[in-house]
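Residue numbers 53 to 376, in my numbering, belong to the letters of the sequence shown in order. Beta carbons are placed, not taken as given, at the ideal position from N, Cα and C, and that holds for glycine.
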Amino acid sequence: MAVQGTGWGMARHSPSRAANQRRFFPVLASAAASVITGTALVATRYVVPQTDGLTVATLRYLVAAACLVPLVPIFFRFDVALRDLIPIAILGILYFCFFPWCISAAMQYTTASGGAIVLACTPAMTLLLANINGSEAWSVRKAAGVVSAIFGAAVAIIGTAGGVGPTTWVGDALMVLATLLGAVYAVFSKPYLAKYPPLVVTAVAMAAGALALLALWTAAHGSAGAPRLDAPGWAAILYIGIAGGALSFFLYAWALGRTAPTATMILLPLNPIAALVAGALWLGEPLNAWLFVGLFLVVVGIVLVVNVHDDAAVEGAPPRAQGS
C-alpha cells in the first residue's frame with residue numbers, strides 16, 4: 053500500500069516538478085540577460101571616451117549580428133514572408149541602430165547607473181504607447197505604474213545631475229529618447245514576434261540595424277580608417293557585442309519563447325541594479341539616495357505595469373506563438 057501510495061504521489065507531483073523546471077530555466081535566462089545588459093552599459097561607459105557613440109554602437113552590433121544571425125538556421129527554418137521583411141528591417145533600424153547610438157552617445161555625458169534606471173522605464177513607456185496606439189487596454193493600476201516609473205526616472209536624472217560634467221542633461225535626454233525608441237520597437241514588433249520565432253525576428257532586425265550603423269559610420273568616419281582602441285577597449289567592445297548584444301538577446305528570445313512576458317519583464321530591474329553595482333565598482337561612479345529612490349520607483353512601476361494575466365495566455369498559446 054505504501055509503495056502504491058508513493059508511486060501515485062510521484063505520478064501526481066512529477067508533472068508539477070517538470071513544469072516548475074520548465075519555468076525556472078527561462079526565468080534564469082531572463083535574469084542573466086538583464087544582468088549582462090546592465091554590465092554592458094557600464095562597459096560602454098568605459099570604452100566610449102576612447103572614440104565616439106556611433107563607433108561603439110557600430111562595433112557592438114556588427115559583432116552581435118555576426119554571432120546571432122548564424123544561429124537562426126540552427127534553431128529554426130527561415131520562413132519570413134517578403135512583405136514582413138521590410139517592416140521588420142525598419143523596426144530593426146530604429147532599435148538596433150538609433151537606439152544603441154543614443155545609448156552609446158549618452159554615456160559620454162551621463163553615468164551608466166543613472167542611464168540604466170531611465171532605460172528601465174521602457175515597459176512603462178511601452179504601455180503608454182500601446183494605449184495611445186489602441187493595442188493595449190488601460191487601467192488605474194497600469195496608469196499608476198507608468199506615473200511611478202516616469203517619476204522614478206526623473207528622480208534618477210536629478211541624482212545624476214552634474215554626474216560627468218555640466219552637459220549631463222544631454223546624456224539624460226538621449227537616454228529618454230532611447231527609451232521611447234525601445235517602446236516603439238516593443239509595440240510595433242509584437243505582431244511579428246507572434247507570427248515568427250523571436251530569435252528569427254531579432255536576427256533580421258539586428259542585421260538591418262547593424263548594416264545601417266555601418267553605413268552611417270562609413271559616411272562619418274570611414275576616411276579616418278579603423279577605430280583606434282587600446283586592448284581593454286577592444287575587450288570591452290567584444291563584451292558588449294558578444295555578451296551584451298548576441299547572448300543577451302538570444303537569452304531574452306529563448307525565454308520569451310518558453311514563458312510569459314511577465315516572467316521576463318519583471319526581472320528588468322536587475323539591469324539598473326547590475327549597472328549601479330558595476331558602475332560603482334569598476335568606474336567609481338557616485339551613488340546617492342536619489343538614485344536608489346529613483347530605482348525603487350521604477351521597480352514599483354514595472355511591477356504595476358506588467359500584466360500578471362499574461363502567464364495564463366502564454367501557457368495556452370500554440371507553439372508558433374511562443375516561438376518554440
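>> Tell me whether the stretch 135-148 and the stretch 240-260 touch, counting them as touching only if at least three CB pairs, one residue from each stretch, are closer than 8 Å.
In response: Yes: at least three Cβ pairs fall under 8 Å.
> Who are the Cβ neighbours of PHE130 in its own chain at under 8 Å, not counting the five residues just before and after it?
Replying inline: If the five residues before and after PHE130 are omitted, its C-beta is found closer than 8 Å to the C-beta atoms of VAL124 and VAL252, all from its own chain and listed in chain order.
> Do ALA157 and LEU226 have their C-beta atoms within less than 8 Å of each other?
Replying inline: With contacts defined by Cβ atoms closer than 8 Å, ALA157 and LEU226 form a contacting pair.
> What separation, rounded to the nearest whole angstrom, lies between the Cα atoms of HIS65 and TYR237?
Replying inline: Residue placement at HIS65 is flagged as unreliable, the pLDDT there being 47, under the threshold of 50; the coordinate-derived value follows with that caveat. Computed Cα separation, rounded: 41 Å.
> If we call anything under 8 Å between Cβ atoms a contact, is LEU245 one with GLY90?
Replying inline: No. Outside cutoff.
> Hey, would you say ALA92 sits closer than 8 Å to TYR304, going by beta carbons?
Replying inline: Not in contact: ALA92 and TYR304 (Cβ atoms no closer than 8 Å).
> What are the boundary residues of the alpha helix (DSSP H) that LEU143 is part of?
Replying inline: Unbroken alpha helix (DSSP H) run through LEU143: 134-145.
> Pick from THR270, ILE210, LEU179 and GLY197: whose alpha carbon is nearest that of PHE240?
Replying inline: Selected option, being the one with the closest Cα: LEU179.
>> Just to confirm before moving on: does the CB-CB distance between VAL108 and VAL99 stay below 8 Å?
In response: Yes, the Cβ-Cβ distance between VAL108 and VAL99 is below 8 Å.
> At which residues does the alpha helix (DSSP H) containing ASN185 begin and terminate?
Replying inline: Per DSSP, the continuous alpha helix (DSSP H) segment holding ASN185 begins and ends at 174-185.
>> Quick check on the burial criterion: 16 or more other C-beta atoms within 10 angstroms. Buried or exposed for TRP153?
In response: It counts as buried.
> Terminal residues of the continuous alpha helix (DSSP H) containing PRO321?
Replying inline: No alpha helix (DSSP H) holds PRO321; DSSP gives it neither H nor E.
>> Report the CB separation of PRO324 from ALA196 in whole angstroms; it is logged as a contact under 8 Å.
In response: Between ALA196 and PRO324 the Cβ distance is about 20 Å, and since that is not below 8 Å, they are no contact.
> Can you list, in chain order, the residues of its chain whose CB lies under 6 Å from that of PRO262, leaving out five sequence neighbours each side?
Replying inline: A small fix is needed here, since residue 262 is Ala in this sequence, not Pro. Excluding positions up to five away in sequence, the list reads TYR113, LEU114 and ALA117.
> Which value, in whole angstroms, describes the spacing of the CA atoms of VAL329 and PHE77?
Replying inline: Each residue's alpha carbon lies about 24 Å from the other.
> Exposed or buried, what is ASP224 when buried is set at 16 or more other beta-carbons lying within 10 Å of its beta-carbon?
Replying inline: Label assigned to ASP224: buried.
> With a CB to CB cut of under 6 Å and the five nearest residues on each side skipped, what residues in its chain are close to TRP342?
Replying inline: Result list for TRP342: VAL207, ILE210 and GLY211, in chain order.
> If we call anything under 8 Å between Cβ atoms a contact, is ALA327 one with ALA230?
Replying inline: It is not a contact, given that the beta carbons lie outside the stated cut-off.
> Taking C-beta to C-beta, are ALA235 and VAL350 nearer than 8 Å?
Replying inline: No, Cβ-Cβ distance for ALA235 and VAL350 is not below 8 Å.
>> Do GLY346 and GLY186 have their beta-carbon atoms positioned less than 8 Å apart in this structure?
In response: Contact: no.
> Cβ atoms of PRO279 and LEU111: under 8 Å apart, would you say?
Replying inline: Result yes, Cβ atoms of LEU111 and PRO279 sit closer than 8 Å.
> How many angstroms separate the CA atom of VAL358 from the CA atom of TRP221?
Replying inline: Answer to the nearest angstrom: the Cα atoms are 29 Å apart.
> Can you tell me whether DSSP reads ALA235 as helix, strand or coil?
Replying inline: ALA235 sits in a helix when the DSSP states are folded into three classes.
> Just to confirm, are ALA164 and GLU337 a CB contact at a threshold of 8 Å?
Replying inline: Yes, the pair counts as a contact, with Cβ atoms nearer than the cut-off.
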